[in-house]
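The next block holds one structure in the form of structure tokens; read it before the comments.
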Amino acid sequence: MSEKKALPVNEYKQIKHNIGNGRPTILAFGMSHCYSCLAMSKLFAEVLEKHPEYQIYAIDGQKERIVSRDIYKLKEMPTQIFFNERGEEVFRHTGAYKKPVLEIILKKWGFV
4 MSEKKALPVN EYKQIKHNIG NGRPTILAFG MSHCYSCLAM SKLFAEVLEK HPEYQIYAID
64 GQKERIVSRD IYKLKEMPTQ IFFNERGEEV FRHTGAYKKP VLEIILKKWG FV
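End of the sequence shown sits at 115 in this note's numbering; the numbers just go up one at a time, nothing left out.
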């Protein structure tokens, strides 16, 4: 059985222009040494394999402290922030969850 791959980590300054570009977007904040963060990243990578049109970006919340702490006011990792097609935050979740829960969330917020 092959090992699941995690999302590539992005710099916020490289992807922030995609928020509000007419497509829903997810920012998945995590840290490289966090087991739950890695699990969520692998789950989102699996979603992107099926739906490459989705905009899901992994952000290292530790390396990008100013973004995670000052812009998005995050206190814990992993945290996922869901934006609608206009760039408005519609949902945020702290912690990890299983694939069936993620599928419900994706459907509710217009990804599926």
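Ideal Cβ placement from N, Cα and C applies to all residues, glycine included.
| field | Sequence-distant residues of the same chain with beta carbon closer than 8 Å to residue 79, five excluded per side | value | Walking along the sequence shown from the start, residue 79 turns up at place 76. Correct list, in chain order: 97, 98.
| request: Go to residue 47, then tell me how far its alpha helix (DSSP H) extends in each direction, as first and last residue. | output: If you number the sequence shown from 1, residue 47 lands on position 44. Looking at the DSSP string, the run of the alpha helix (DSSP H) that includes residue 47 is 38-53.
| For residue 107, three-class secondary structure by DSSP | Within the sequence shown, numbered from 1, the residue matching residue 107 stands at position 104. It is helical.
| message | Going by DSSP, what residue range makes up the alpha helix (DSSP H) through residue 15? | response | By one-based count along the sequence shown, residue 15 stands at place 12. Counting along the chain, the alpha helix (DSSP H) containing residue 15 begins and ends at 15-18.
| request: Using the Cα positions of residue 61 and residue 41, report the straight-line distance between them to the nearest angstrom. | output: Taking the first residue of the sequence shown as 1, we reach residue 61 at position 58. Taking the first residue of the sequence shown as 1, we reach residue 41 at position 38. When rounded, the distance between both Cα atoms is 10 Å.
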